[in-house]
Each structure stands twice: as C-alpha cells, then as structure tokens.
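FYI, in full-length UniProt numbering the residues of the sequence shown are 1 to 411.
Think of the CB as a built atom: it goes at the ideal place given N, C-alpha and C, for glycine as much as any other residue.
On a predicted model such as this, the values are computed, not experimentally measured, just so you know.
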Amino acid sequence: MTYAIARHTHLTTALPDFVTRRMDLHYITRIEQLLGGEHPHAWQPTPASAVFLAGNDYLCLAGEPALVGAQVAALQHSAGELLMSAVYLQEGSAQHRLERKLAQFMGAEDGILAQSGWAANVGLVQTLAAPGIPVYLDMQAHASLWEGVQSAGATPVSFLHNDMEHLQKQLQRHGRGLIVVDALYSTNGSVAPLAALVEIAERSGCILIVDESHSLGTHGPRGAGLVAAEGLSERVHFRTASLAKAFAGRAGFITCSGKFKGYFLSESRPAIFSSCLLGHELAWFDAAIDFIAAADRRRARLHRHARMLREELRTLGYNVSDGSEQIIALEPGPEPKTLALRKLLEQHGVYGAMFCAPATPKNRSLVRLTLNSGLDQAQLARIVHACDEIRGQVDLENWSSTRRLRKLALV
Ligand SMILES: Cc1ncc(COP(=O)(O)O)c(C=O)c1O
C-alpha cells in the first residue's frame, strides 16, 4: 500500500519532529494500528461493471455531448487565456455574463464565480465576519464554512444539527451575527429547515448564508435549488454552491447583490490572490445551465431512486432516518467497522466513499452512497442485494446508528 510505504522513503530532506510526530499519528496510530495497514480511502481500480456511488455527478452530466461540444469549441477558439485574478475582469467579460446567467437561473440579482466551492465559502464568510462577530454554524455545516470563520478571525458558535431551539438559545447568548447552514447536508442527505431559519435570521437581524452545493441542479424549479423551491430567494442574503456536484465542473458560486459583488472582489482573499476560471470552464457551465434547467426527467429519476433505496434500506434494518435525499449514509461508527463495510460492499460491486474524521465526528464514520439519475433498476437491485447479504458480516445489529433507531422506536 503506497500510503504505508511513504513514511520509509529517504529521498527527500528530513522533516523536523514537530511534523513527523503528526505524520506518525496518521501512518502508525491510525493506518497501521487502527486500520490494519489499509487506507480508508484507497480502493482497488473500479471494475467497469461496478455500481459507483462515490461521485457527485447527480444528473450524469460528465461526457454529455452538448457540454463537451461547447467546451471543445471554446478550447479551439481560445485566443489565449487571461490567467489572472478575477479582480481584473472587465465589466461585460464572459465571466460576468455567465455570473448574471447563473444568478438569473437561481432567482438572484447577481453572483460571483469562484475557483471552487471551498474558495466561495471561505471568501464569503471572510468578507462578512470579523473578530468579535459570532458565526452560528450548524454542526454539520461544510468544513469550508468553518474555515471561513477562521479566516475572518471571527467566533464560531455551533448549534445542534437542524435544531432551531438550540440556535435561538445560542443567539440569545451571543447576539447578532451570521447564520450559516447547508441546504442539503453532504454526509447524510438531511435538509435544513429553511423557512424557520429565514424567520430566525430576520427576527434576530442576522445574515443568513445557505450552501446549496448538493441541491443546486437537483432540487427546485428547473434545478434552481431548495431556497428557490421554498420561495425564499429574496429572503436569504447569500447562497453558495460548489459547481463540482450537479454541474460537474470545477468552480463555486455565490449569489449576491451587484453592490456586494464590487466589495467582495476587493476584499475576498481567494478572489484577489488566486487566478480566475478559464474560457473553456465558463463554456461548460454556460451550456450546463441550459441543460440542467431542462433536466426535469433526470431530477425526477434521482428523487425516485433516493426514495426507493431509502425505503429498501430501512426495511433491511439500516438507520437512514437522518436524511431524506440522494445522499445516503450507512453509519457503523468506529473506523475499522466502516472500512470493513466499505470493502464488503466492494466485493459485491458497490463502491461508496468512506467518510471519517475530520469529515464526521470521531466514531461516527460512515460509508456514503451518492445516487445519480443514471442508475437503472438492475443496479438499484444490486445495491439492495449487497446491503442485504452483508448485514450479518458487518454486525448491523450492533452499530450505534442501529441502536439509535431502536431507541427512537421505543419512545
Ligand atoms: C456542502 C459543500 N460545500 C462546499 C464544498 C466545496 O466544494 P468544492 O469541491 O467545489 O471546493 C463541498 C465539497 O465537498 C460541499 O460538499
């Protein structure tokens, strides 16, 4: 296993012990001692017949001829790319036109393209928060949003997942600031109570940021997201999204007002100090917006798959009650058990992604299955069959998530 061998390599200059101690925690304590020498994320080459459930291309856009054609044409007609910060883009540039188009698609006044969802979230929170400003984050909010708080030097205040009472208690204690949530949570497919969040933000004078990475394209009218679906577009200050999910490219987006955009571009460190997107990347997204807006049938298939699979897994005794959408978490808890689950699923040709600390709390590691609209009935049946067959081997009865479900059933 390459990851395990790496620490024995002597071809590079030795690192000081304040680093090697940390590396030993990874290679020795975690990989060797806890996981028996296996890396949690290193899987064998995936066979062509495998059911691959570890990507986020929810609507199967990869390789779509209309999008590939647009991108190829952009590359062929490129007059030399402007490799520079977005700060220097002239009004009316292709990027600005695309920003308007995407903003319109989401029902917003304007928007800003960033190099990734990570850059969008870090840059946005950094430009809004400051030392002494509390930032209320749902405990399951994406890591990039927490990173933005660090970047701003602001105070992170967490609240229990989707727990509005706890959020209000925290607000009473710490005062006005930013409320930051995901619309659809990336580890378990749970959905934020957006209407309640908007009301709390309005009542308390807070800014509300909603990350729509896993709902943009897949949910809402013509794929405009969950905020739009609930008619809240004008009441949420900022929506962000990674375009590396349903849009199947590499970028991030922020909805905002035209006035805020000018401020952002002169304040956001990722916007200022990192170069902007390239022409062929813009061309992909331009075509993707049109494609996604017309993709109601793919959205409907995705949602049908999610409902059906969740129901089947529930019947088999898996606790999938944390979420409701196309991201499904199977949660054994401790990492060795989760690694065993991932490998057993692979033996049945089903490839999910192992999520563990720091993506989950310690001892709440899970295998994440992300569905897509292209799965067929045979593949869905294969997933169910695999999950059925391995129940005994993975000790499903004694998972902490199974025990939680039993407890819920008793109350
Ligand atoms: C909810 C959420 N926000 C932001 C990001 C970061 O997006 P990107 O991969 O485009 O940097 C991710 C990606 O994992 C995500 O799941």
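{"Check": "Tell me whether Asp57, by its Cβ, gets closer than 7 Å to a heavy atom of ligand 3.", "Outcome": "Ligands present in the displayed structure are limited to ligand 1, and ligand 3 is not among them."}
{"Check": "Return the residue from the list Leu89, Ser186, Ala129, Glu267 that minimises the CA-CA distance to Ala329.", "Outcome": "Ser186"}
{"Check": "Can you tell me whether Asn363 sits near ligand 1, meaning its C-beta is under 7 Å from at least one heavy atom of the ligand?", "Outcome": "no"}
{"Check": "Counting C-beta neighbours from all protein chains within 10 Å, is the total for Glu335 16 or more, i.e. buried, or is it exposed?", "Outcome": "buried"}
{"Check": "Mapping the DSSP letters down to three states, classify Val149 as helix, strand or coil.", "Outcome": "helix"}
{"Check": "Hey, Glu147 and Val122 are a contact pair by Cβ (cut 8 Å); roughly how many whole angstroms apart?", "Outcome": "5 Å"}
{"Check": "Could you check which residue in Ala306, Val320, Thr338, His348 has the C-alpha nearest to that of Arg406?", "Outcome": "Val320"}
{"Check": "Could you tell me the distance, in whole angstroms, from the CA atom of Met139 to the CA atom of Ser190?", "Outcome": "13 Å"}
{"Check": "Rounded to a whole number of angstroms, what is the C-alpha to C-alpha distance between Pro270 and Gly392?", "Outcome": "48 Å"}
{"Check": "Kindly indicate which three-state DSSP category Thr240 falls into: helix, strand or coil?", "Outcome": "strand"}
{"Check": "Look up Tyr3 in the DSSP assignment and say whether it is helix, strand or coil.", "Outcome": "Unreliable positioning characterises Tyr3 in this predicted model, as indicated by a pLDDT of 47, which lies under 50. The coordinate reading is nonetheless provided below. Of the three classes helix, strand and coil, the one that applies to Tyr3 here is helix, per DSSP."}
{"Check": "Taking 7 Å as the line, does the beta carbon of Gly111 fall inside it for any heavy atom of ligand 1?", "Outcome": "no"}
{"Check": "For Asp82 and Asn398, I'd like the C-alpha separation in whole angstroms.", "Outcome": "Reading off the sequence shown, one finds Leu at residue 82, where the question assumed Asp. The straight-line gap from Cα to Cα measures roughly 56 Å."}
{"Check": "Go ahead and label Gln172 buried or exposed: buried means 16 or more other beta carbons lie within 10 angstroms of its beta carbon, across all protein chains shown.", "Outcome": "exposed"}
{"Check": "DSSP on Ala329, reduced to helix/strand/coil?", "Outcome": "strand"}
{"Check": "Roughly how many angstroms separate the alpha carbons of Thr46 and Phe52, rounded to a whole number?", "Outcome": "8 Å"}
{"Check": "Counting C-beta neighbours from all protein chains within 10 Å, is the total for Arg307 16 or more, i.e. buried, or is it exposed?", "Outcome": "exposed"}
{"Check": "By Cβ distance, which residues of its chain are closer than 8 Å to Leu124, with the 5 residues on each side in sequence left out?", "Outcome": "Gly148, Ile209, Phe238, Thr240, Ile254, Phe264, Ser268"}
{"Check": "Which class does Leu405 belong to by DSSP, given the choice of helix, strand or coil?", "Outcome": "helix"}
{"Check": "Which of the three DSSP states is assigned to Thr315 in this structure?", "Outcome": "helix"}
{"Check": "Among Leu197, Arg100, Pro65, which has the Cα closest to the Cα of Leu137?", "Outcome": "Leu197"}
{"Check": "What is the DSSP secondary structure of Asp57, counted as helix, strand or coil?", "Outcome": "coil"}
{"Check": "Three or more C-beta pairs under 8 Å: does that hold for the region 24–39 against the region 210–230?", "Outcome": "no"}
{"Check": "If you run the structure through DSSP and keep just helix, strand and coil, what is Tyr136?", "Outcome": "strand"}
{"Check": "Return the CA-CA distance between Gly205 and Arg176, expressed in angstroms with no decimal places.", "Outcome": "6 Å"}
{"Check": "Three or more C-beta pairs under 8 Å: does that hold for the region 153–165 against the region 108–116?", "Outcome": "no"}
{"Check": "Looking only at its chain, what residues have a beta carbon closer than 7 Å to the beta carbon of Asn56, apart from the 5 residues adjacent to it on each side?", "Outcome": "Ala244, Lys245, Thr370"}
{"Check": "Please name the residue in Ser242, Pro134, Ala66, Gly323 whose C-alpha comes closest to that of His142.", "Outcome": "Ser242"}
{"Check": "Once DSSP output is grouped into helix, strand and coil, what is the label at Ala386?", "Outcome": "helix"}
{"Check": "Is it buried or exposed for Pro361, if we count other Cβ within 10 angstroms and need 16 for buried?", "Outcome": "exposed"}
{"Check": "Restricting to Cα atoms, I'd like to know which of Gly352, His385, Ile390 is closest to Gln44.", "Outcome": "Gly352"}
{"Check": "So, is Thr402 buried or exposed, given that buried needs 16 or more other C-beta atoms within 10 angstroms?", "Outcome": "buried"}
{"Check": "Kindly indicate the opening and closing residues of the beta strand (DSSP E) around Gly395.", "Outcome": "As written in the sequence, residue 395 is Asp, which differs from the Gly given in the question. Unbroken run through Asp395: none, as it is neither H nor E."}
{"Check": "Cβ atoms of Gly333 and Ser400: under 8 Å apart, would you say?", "Outcome": "yes"}
{"Check": "How many angstroms separate the CA atom of Ala4 from the CA atom of Ala48?", "Outcome": "Any answer about Ala4 is weak, because its pLDDT of 46 lies below 50 and its placement is not dependable; what the coordinates show is given next. Each residue's Cα considered, the two are about 27 Å apart."}
{"Check": "What does the Cβ neighbour count give for Glu311, buried or exposed, with the cut at 16 atoms within 10 Å?", "Outcome": "exposed"}
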